[in-house]
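As they're listed, the protein sequences go chains A and B. First residue of the first sequence: 49, per the working numbering; consecutive thereafter. First residue of the second sequence: 645, per the working numbering; consecutive thereafter.
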Amino acid sequence: MTSLGSANRGVRDAGPSGWLAAPALFFFLAFAVVPLIGVVFLSFTSWNGLGEIKLEGLSSWTTVLTDPVTGNALVVTAKVMFFSFIVQAPVSLLLGVFTAGGQKYRAALAVLYFLPLLLSSAAVAIAFKALLDPNFGLGPGFHLPILAQDWLGNSDLVLFVVVFVIAWQFVPFHTLIYQGGVRQIPTSLYEAAEIDGAGRFRQFWNITLPQLKYTVITSSTLMVVGSLAYFDLIFVLTGGGPGYSTRLLPLHMYLTGFKANDMGAASALGVMLIVIGLGLALLLQRLGGKNRNASQLEGA
Amino acid sequence: MNGNEMKIRKLRSVALAVSAAGVALSLAACGSSGPAGSNASSDSASMWGLTGGNQPVLQKSVDDWNQANPDKSIKLDFFANDAYKTKVRTAVGAGEGPTFIYGWGGGVLKSYVDAGQVEDLSSFVKDNPGVKDRYLPSVLKNGEVDGKTYALPNNNVQPVVLYFNKEVFDKVGAQPPKTWEELMALVPKFKEAGVAPFSLGGQSKWPDLMWLEYLVERIGGPDVFANIAADKPGAWSDPAVKESLTKIQELVDAGGFINGFSSVAADSNADQALMYTGKAAMILQGGWIYQGMKKDAADFVKSGKLGYTTFPTVSGGKGDPANVVGNPSNFWSISAKATDAQKKAALDYVKDGMFTGANTDALISSGAVPVVTGIESKLEASPDKDFLTFVYGMAKNAPNFTLSWDQALSPAQGDAMLSNLDQIFLKKISPDQFITTMNATIGK
């Protein structure tokens, strides 16, 4: 980042005092690091949430790691992560590019698209649960047999229903990110491309998409790591069922901790979640590529 | 590329990763924050009750008490059943539980007793014979752990009952099933008429359990579950368990349960609605849903279209057909962490505020049978007398009243049992797999 980097260099060196980070650091220590240490400690104990906490060594870990339900939860989590990404990324990218346009009707549509952002996960889950009810929901209500599936009770269907509801809730958020990203692209690039005779598709492919590289990485990180935190929505929508079909890792952790009251195993699952989340976040940052510091604004 | 740039990018990636971890952590920590100071600062006793049929009755009882005893007032909050069970345990574990702990007896009560979280009420019961004498003895027994009383019944007897829609039965020309064979024979009859034979709130999981409880009881008698509850190694291998699970899967195969039963929730009363709207002919559910139907489907209940009977017998079964499963009652335990003033107020309420004439009448008129003696004449005078005397007789004449298994077992066992039984209903696992998995939970 030659030109921009050197221009800003002086400012950065004199940059704001490190103390500005102190409040955030304090909250981070108090609400992330300290509980994290607690969770790691608890994972080596056995505790039912009421009595005394007994040190048990690795027994919680062996229980968790040999439990087929944990393996299943990992697979389900990976599936939800994959399908959520596949569905959400293109839809929100396209919607973001679309809503970034200046036309009035696009602004009006954007407001509609962002509506789900206003709803809490629990409200979304309760609404969809009612709509998808096989006996009293949308299908039987309007006598549409195609909608009268057992959406949340069929082990093969339910995962896709969950992915759909997650997408419904989160696509607006990622659309917003992309919209902001697109609006930051200098119009001069498009003007130059137009003079060179590039069509809309080429402009999208050769300007918009490369310019959005970091937006894509940010949005993807949030999508992928965020799927490790899908809890409230699924807890209310399916409770992890039917069977174990939608028992994602975070939900499995919660149910182990607060339904089965096995805090040791739940903590082990929590540590697993953190390690996987960290690993994925770092991996996605790496995916930025070797020359991720290269300028995107060459010639702008 | 320069050094500063690198540093900042690195910092940024670390910050991102760290914030991602924060998301995971906030989840991990979300259970540890109980309700703040529900009994710490104020010295009035606190009480957590359940929403549902008994909510107005309890509210009135406490309101009356507070009016008469402003110095010993009780602060009452209500929670939904499933949410309550999680919340109260976390709160009690954090020493922030309510003075009155609402419970079911069984394994959960035992875990509170083991952790020293609830008061031993034995001497209170001894000093106040009036309290002890008002209860049906078989119900009172469920509040005891190792011969000591830790919980006192607080509402109504709740056996599991087989409800049916008389209108649907008349249309098809069927009789309520007395044996399992009759039950199975009814399945194709109702299906032909386009009605689901049974409604089932499969998403809530615990309604599934009622089927297993009654089948095991009818086939093997009460000892089968008594052994399981006593943590005897291999207790789930009793042939009665396998036969019951097989029968359940046969009923699933025959299409006995309504389409999409595993997405029907009992917590929203959708399961009973399916029966009273005629989409399903029968439902196996707790005695408490009568209260709900009396409110939600008043005409249906009033016009006598609601039928009810006991669970059918199984030929060759060892269990007494008069035996019952369900919840003998709900209970109050008193928190050991409460202040002396709170404990005193709580015990005074238990002695003088509960099961007063007005409270008992309110329970009866809500469609419930209080767990007290000498109410026959009151039940007779009630507009719901048919159902109430049926339930009262069922509870009183039962040689054995088995507590709902998910309450009788420890929470870890109960959770595993409900998840695996769900798999049985979905036909994802075989009875043998269920038995192996459950045997592994013995002693946990």
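Ideal Cβ placement from N, Cα and C applies to all residues, glycine included. Just so we're clear, the structure is a prediction, and the values are computed from it rather than from any experiment.
At a Cβ-Cβ threshold of 8 angstroms, V128(A) and S293(A) do not count as neighbours. No Cβ-Cβ contact shorter than 8 angstroms links A178(A) with L285(A). In this chain, M998(B) is not harboured by any beta strand (DSSP E), its DSSP state being neither H nor E.
The way I'd put it, the stretch 885–902 of chain B doesn't touch the stretch 933–950 of chain B; fewer than three beta-carbon pairs between them come closer than 8 angstroms. The Cβ atoms of T1080(B) and F869(B) do not sit closer than 8 angstroms to each other.
Judged by their CB atoms, V219(A) and S140(A) are nearer to each other than the 8 angstroms cut-off. Between M1038(B) and the set L765(B), F834(B), D964(B), the nearest pair of CA atoms involves D964(B). Going by DSSP, W976(B) is part of the beta strand (DSSP E) stretching over 975–978. A246(A) and E239(A) have their C-alpha atoms roughly 10 angstroms apart.
A Cβ-Cβ contact shorter than 8 angstroms links M271(A) with Q136(A). When rounded, the separation of the alpha-carbon atoms in F744(B) and P1055(B) is 20 angstroms. Residue contact with chain A for N1041(B): absent (no Cβ-Cβ distance below 8 angstroms to any residue of chain A). With contacts defined as CB atoms closer than 8 angstroms, S977(B) and V789(B) fail to qualify as a contacting pair. Under the Cβ criterion (8 angstroms, minimum of three pairs), the stretch 843–855 of chain B counts as touching the stretch 1054–1071 of chain B.
Contact of A170(A) with chain B is not assigned, every C-beta pair being separated by 8 angstroms or more. Under the three-state reduction of DSSP, A689(B) is assigned to strand. CA-to-CA, the gap between A689(B) and L224(A) works out to about 49 angstroms. Ranked by Cα distance from V88(A), the options Q333(A), A314(A), L331(A) are led by A314(A).
Residues of the same chain with a CB within less than 8 angstroms of the CB of S906(B), apart from the 5 flanking positions on each side, are G846, Q847, D1066, F1069, L1070 in chain order. Interface annotation, D1059(B): in contact with chain A, CB-CB separation under 8 angstroms.
Taking a Cβ-Cβ threshold of 7 angstroms, none of the residues of chain B is close to D115(A); the smallest such distance is about 10 angstroms. Within chain A, not a single residue places a beta-carbon under 7 angstroms from that of G739(B); the smallest gap is close to 10 angstroms. Residue-level contact by beta carbon fails for K261(A) and chain B, as no gap is shorter than 8 angstroms. Taking each of G312(A), L332(A), L200(A) in turn and checking the Cα distance to F92(A), the smallest one comes out for G312(A). From the beta-carbon of T734(B), the residues of chain A found nearer than 7 angstroms are G97, F306. The DSSP assignment places complete beta strand (DSSP E) segments of no fewer than 3 residues inside the stretch 881–944 of chain B at 924–930, in order along the chain. At a cut-off of 8 angstroms, the C-beta of L694(B) has no neighbouring C-beta in chain A. DSSP, read as helix, strand or coil, puts V968(B) in strand. Minimum Cα-Cα distance from N698(B) among the listed residues G960(B), Y934(B), T793(B), S717(B) corresponds to Y934(B). Annotation for F834(B): the continuous alpha helix (DSSP H) segment containing it runs 824–836. Ranked by Cα distance from P742(B), the options W748(B), K731(B), G750(B), G749(B) are led by K731(B).
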